[in-house]
Amino acid sequence: MIRLFGVLLLLASLQATAQSYPAKPVRLVVPWPAGGTTDLVARMVQPKLQEFLGVQVIIDNKGGAAGSIGANDAARAAPDGYTYLMVFDTHATNHHIFKDALDPFKHLEHLMLMVTSPSTLVAVPNFAPSNLKELIARAKQEPGKVTYASVGSASSNHLGILQLEQAAGIRMTHIPYKGGGPLIQALLGQQVDISFVSTPLILPHLKSGKVKGIATGGQKRLAQMPDIPTFAETFPGMQMVSWFGLLAPVGVPKDMTARVRRDVQRALEDPGTRQKLIDGGFDVVGGSPEEFLKFVQGESDKLGKLIKDSGIKVE
Numbered sequence: 003m004i005r006l007f008g009v010l011l012l013l014a015s016l017q018a019t020a021q022s023y024p025a026k027p028v029r030l031v032v033p034w035p036a037g038g039t040t041d042l043v044a045r046m047v048q049p050k051l052q053e054f055l056g057v058q059v060i061i062d063n064k065g066g067a068a069g070s071i072g073a074n075d076a077a078r079a080a081p082d083g084y085t086y087l088m089v090f091d092t093h094a095t096n097h098h099i100f101k102d103a104l105d106p107f108k109h110l111e112h113l114m115l116m117v118t119s120p121s122t123l124v125a126v127p128n129f130a131p132s133n134l135k136e137l138i139a140r141a142k143q144e145p146g147k148v149t150y151a152s153v154g155s156a157s158s159n160h161l162g163i164l165q166l167e168q169a170a171g172i173r174m175t176h177i178p179y180k181g182g183g184p185l186i187q188a189l190l191g192q193q194v195d196i197s198f199v200s201t202p203l204i205l206p207h208l209k210s211g212k213v214k215g216i217a218t219g220g221q222k223r224l225a226q227m228p229d230i231p232t233f234a235e236t237f238p239g240m241q242m243v244s245w246f247g248l249l250a251p252v253g254v255p256k257d258m259t260a261r262v263r264r265d266v267q268r269a270l271e272d273p274g275t276r277q278k279l280i281d282g283g284f285d286v287v288g289g290s291p292e293e294f295l296k297f298v299q300g301e302s303d304k305l306g307k308l309i310k311d312s313g314i315k316v317e
């Protein structure tokens, strides 16, 4: 009877905890500096997510090592349902190149794919080539002289250029930065020639003429910038798309992650938030944890092979 009473007390306690969750602010780790695309998505979703959860959502920017430092911090947090992680596509590649990166499939629980966006290859105004044909001709004429920025080794910016180099038979020089914000500043300061950039992050600067569009990585041309051709128009089948997803430390109770997933989905589907995302160049996705995990595993396998074949090392 005493044992049964103890079990009943425990169940009652767990039920009360579930009913009161969340009871304090939730921390959303963004493993990039403020000003990047992952940070942009988080801040677009934050207002409605706070409303639906009923508590403050604190965005905690922890940049470094292409997102690995913030991801490690989130993975090691207490699995109490008050720490979550929002990742960019480097999440699928960091464990292939950084010795200190945790195995994302052992230490993190994949909750949902949130949004995707095509990447756009842009050039600074004083870079003479203005289209893909001219860029390829310049790179062939002067191997290694054209410089390109990325947010780190094996990031989508980096891997996108590698795929272009392979397809076009050219070689350019890689200059990595610590996040989307610093990368944009390097472009605006004309410290590099070109970069693949997530379209939502670069769109305002394309519209203002501070950078010029060379090609976009989506299946079709951008509605906001229809004059920029797709890569597929020159290289059939080539696509460059970034993605953003939500994770949690392993061990968070399922009812808690289900609650957060539900409210993130509600935030994404909120008409105002959804329109902001679409206007910014994002495609709202959503979906189940199983679908997200399968997607990330596929990206890891595919890009891991590219990293190995290309001999990419940490810079």
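Taking the numbering used here, the leading residue of the sequence shown gets 3, the next gets one more, and so forth.
Each residue gets a CB set at the ideal place from its N, CA and C atoms; glycine is no exception.
Just confirm the distance between the C-beta atoms of residue i and residue j, as a whole number of angstroms; I'd bet it's less than 8 Å.
i	j	result
P251	P27	Going by Cβ atoms, the distance from P251 to P27 rounds to 17 Å, so no, they are not a contact pair.
S244	F100	So it is not a contact: roughly 19 Å between Cβ atoms.
D75	T149	That belief does not hold up - the Cβ atoms of D75 and T149 are roughly 32 Å apart, past 8 Å.
F246	V43	5 Å
F294	H112	5 Å
Q48	V126	Q48 to V126, Cβ: 32 Å. No contact.
M242	S119	The pair is not a contact, with the Cβ atoms about 10 Å apart (cut-off 8 Å).
V254	G83	5 Å
A77	L104	5 Å
Excluding five sequence neighbours on each side, which residues of the same chain lie with their C-beta closer than 6 Å to the C-beta of residue i?
i	result
S152	N159, H160, P178
L13	With a pLDDT of 41 at L13, under the threshold of 50, the predicted position of this residue should be treated as unreliable, and no value is reported.
G72	V31, P33, K64
S147	Correcting the residue identity first, residue 147 is Lys in this sequence and not Ser. So no residue of the chain qualifies.
I61	L30, V32, A44
Out of the options, state which residue places its alpha-carbon closest to the alpha-carbon of residue i.
i	options	result
L189	F129, S121, V32	F129
E144	M116, M114, T175, V117	T175
E136	G69, S155, K101, G215	G215
L164	D102, I186, Q226, F198	F198
L249	A25, E292, K310, D102	E292
T218	S157, P231, L55	P231
G65	P206, F54, G38	G38
M227	G283, I186, K108, L166	G283
R45	G300, L279, S290	L279
R173	I186, G182, G72, A141	A141
F233	K212, L203, L166	L166
S312	Q168, Y86, F107	Q168
K222	G239, P206, K256, Y23	G239
F54	K307, R263, I61	R263
Q304	N133, T92, R78	Here residue 304 turns out to be Lys, not Gln, going by the sequence shown. Of N133, T92, R78, the residue nearest in Cα terms is T92.
F237	V286, G171, S302, R276	G171
L134	I314, E235, G274, K256	E235
T201	L224, P184, A25	L224
D281	P106, P206, S132, V57	P206
Between residue i and the rest of its own chain, which residues show a CB-CB distance below 7 Å, the 5 nearest in sequence each way excluded?
i	result
L51	V59, D265, V266, A269
V316	I99, F100, S155
N63	V32, W34, P35, A36, D41
L10	Per-residue confidence for L10 stands at a pLDDT of 41, beneath the threshold of 50, marking its modelled position as unreliable; the derived number appears in the next sentence. Once the five neighbours on either side are set aside, L10 has no close Cβ partner at all.
I309	T95, H98, I99, A156
Y23	G83, M258, R261
K212	L190
G8	The predicted model places G8 with a pLDDT of 46, which falls under 50 and marks its position as unreliable; any figure quoted below should be read in that light. Once the five neighbours on either side are set aside, G8 has no close Cβ partner at all.
D2	In this structure the chain extends from 3 to 317, so residue 2 is not present and cannot be described.
T85	R29, V31, A76, A79, P251
Can you tell me where the alpha helix (DSSP H) holding residue i begins and where it ends?
i	result
L224	Note, L224: premise wrong, no alpha helix (DSSP H); not H, not E.
D265	256 to 271
H93	Segment: none, H93 is in no alpha helix (DSSP H) and carries neither H nor E.
T39	39 to 55
A170	158 to 170
A130	It is not in any alpha helix (DSSP H) - A130 carries neither H nor E in the DSSP assignment.
Q187	182 to 190
L137	134 to 143
Starting from residue i, trace the beta strand (DSSP E) both ways and give me its first and last residue.
i	result
R29	28 to 32
D82	Run containing D82: none; DSSP gives neither H nor E here.
F198	196 to 200
S290	Careful: S290 lies outside any beta strand (DSSP E) and carries neither H nor E.
Excluding sequence positions up to five away, which residues of its chain have a Cβ less than 8 Å from the Cβ of residue i?
i	result
V180	Per the sequence shown, the amino acid found at residue 180 is Lys instead of Val. Hits under 8 Å: P35, G65, G66, V153, G154.
G288	M114, L115, M116, Q267, L270, E271
G162	S121, L123, F198, G219, M242
L203	G38, T39, L42, G182, I186
S290	M114
R276	L270, V286
Tell me the DSSP bridge mates of residue i?
i	result
D62	V31
A217	L123
S244	S119
M174	In the DSSP output, where bridge partners are listed per residue, M174 has none listed.
P251	L110
A151	I177, S197
D285	T118
L87	V31, L249
T232	T218
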